[in-house]
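Down below is the structure, laid out as structure tokens.
In the UniProt record's numbering, the protein residues as written are 1 to 365.
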């Protein structure tokens, strides 16, 4: 930008400056400071003109401070150590006290321009306009862009890298990208070491996003959307069921009983009438007395055809039937031991009951 164009723009951009920046610019003390710096670093006339022009653009908010530093580095072509010392001196003596105001002025001038902003900026502005009014005010009052540019300067980001950082941060503020996508976007586009990216993300989160979250919670009483978890997304997981030893034993017993032809109904655990189990036992006795070839489990018993002479029901020993049907009771016979009750029987006396005579004993005459 030449001097004529600069003069045309000074009045317009000066009117947009914050009061502190206007006071510094109108005092013209910064021109005296630049003159001393030019003499100290032995700048040529061309270099002095470049320094004055670029500094004027920066103090009016026409160019960003990062772009200002980059322009001086490329156009003055001083050794790196001298350039760093000179920029540090300009920062301390001129820019330091009004740096945030200059960043705000640059943003205001940038937003006022029509047809020069990239498409992505207009899309981000549209997303920002769709945010709730209260959220917009919190974001604007946080001055996140000013803080963002200070962070970019502290990491020596150039104009392109600063634009990438601003675009990603604005996308995150407006909800265009997720928090985990923010760092991935910076890793992909900034072309910086991953450790540096992590430090930048950590500093932005601490200085910008943390404050925005705190203000949202304080003013609305609600957590930011990134911290809310809808109830419908949480599906209760039933604890896994484990079979106990008793359940396993019951299953094994049931399988054994089922293979023997006995079925247990879980809904109604009642004892069957006595006749039905007795019939089962009779069938078992019949198998014992008249064994049949082994049959597969759960197969129906074959019907047995009886002849006319054969009894319709098998003859079961009463003692065996009594053992299977219930506890065995031995019939008791009551006997009275008395002389009158002794009757003669035809049973011969046992031979071993005969009297034994001692052969050595003499019988008296």
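Using N, Cα and C, we set each Cβ at its ideal position, and we do this for glycine too.
In three-state terms, what does DSSP make of residue i?
| i | result |
| --- | --- |
| residue 23 | helix |
| residue 136 | helix |
| residue 158 | coil |
| residue 61 | coil |
| residue 40 | helix |
| residue 82 | helix |
| residue 143 | coil |
| residue 153 | helix |
| residue 100 | helix |
| residue 87 | helix |
| residue 165 | helix |
| residue 51 | helix |
| residue 16 | coil |
| residue 364 | coil |
| residue 306 | Model confidence at residue 306 stands at a pLDDT of 47, short of 50, so the residue's coordinates are unreliable and nothing is read from them. |
Can you check whether the CB of residue j is closer than 7 Å to the CB of residue i?
| i | j | result |
| --- | --- | --- |
| residue 403 | residue 70 | The shown model of the chain, from 1 to 365, leaves out residue 403, and the question about it has no answer. |
| residue 73 | residue 83 | yes |
| residue 208 | residue 147 | yes |
| residue 211 | residue 142 | yes |
| residue 16 | residue 152 | no |
| residue 13 | residue 59 | no |
| residue 57 | residue 63 | yes |
| residue 98 | residue 189 | no |
| residue 50 | residue 91 | no |
| residue 184 | residue 197 | no |
| residue 89 | residue 37 | yes |
Taking its Cβ as the centre, do 16 or more other Cβ atoms sit within 10 Å of residue i, making it buried, or is it exposed?
| i | result |
| --- | --- |
| residue 217 | exposed |
| residue 171 | buried |
| residue 23 | exposed |
| residue 174 | buried |
| residue 162 | buried |
| residue 134 | exposed |
| residue 55 | buried |
| residue 31 | exposed |
| residue 80 | exposed |
| residue 140 | exposed |
| residue 145 | buried |
| residue 28 | exposed |
| residue 67 | buried |
| residue 235 | Legend: pLDDT at residue 235 = 40, less than 50; position of this residue unreliable, no value from coordinates given. |
| residue 239 | Caution is warranted here: a pLDDT of 45 is assigned to residue 239, below 50, making its placement in the model unreliable, and no coordinate value can be reported. |
| residue 308 | Confidence at residue 308 is low in this model, with a pLDDT of 47, below 50, so its placement is unreliable and no value can be given for it. |
| residue 169 | buried |
Would you say the beta carbon of residue i comes nearer than 6 Å to a heavy atom of the ligand NAD?
| i | result |
| --- | --- |
| residue 175 | In the structure shown, the ligand NAD is absent, as is every other ligand, since no ligand is present at all. |
Query raised in the report: Taking only runs of the alpha helix (DSSP H) that begin and end inside the stretch 168-217, which ones reach a length of at least 4 residues, in chain order?
Result: 179-189 and 194-204
Report task. May I ask you to verify whether the stretch 173-181 touches the stretch 91-107, counting CB pairs closer than 8 Å and requiring at least 3? Result -> no
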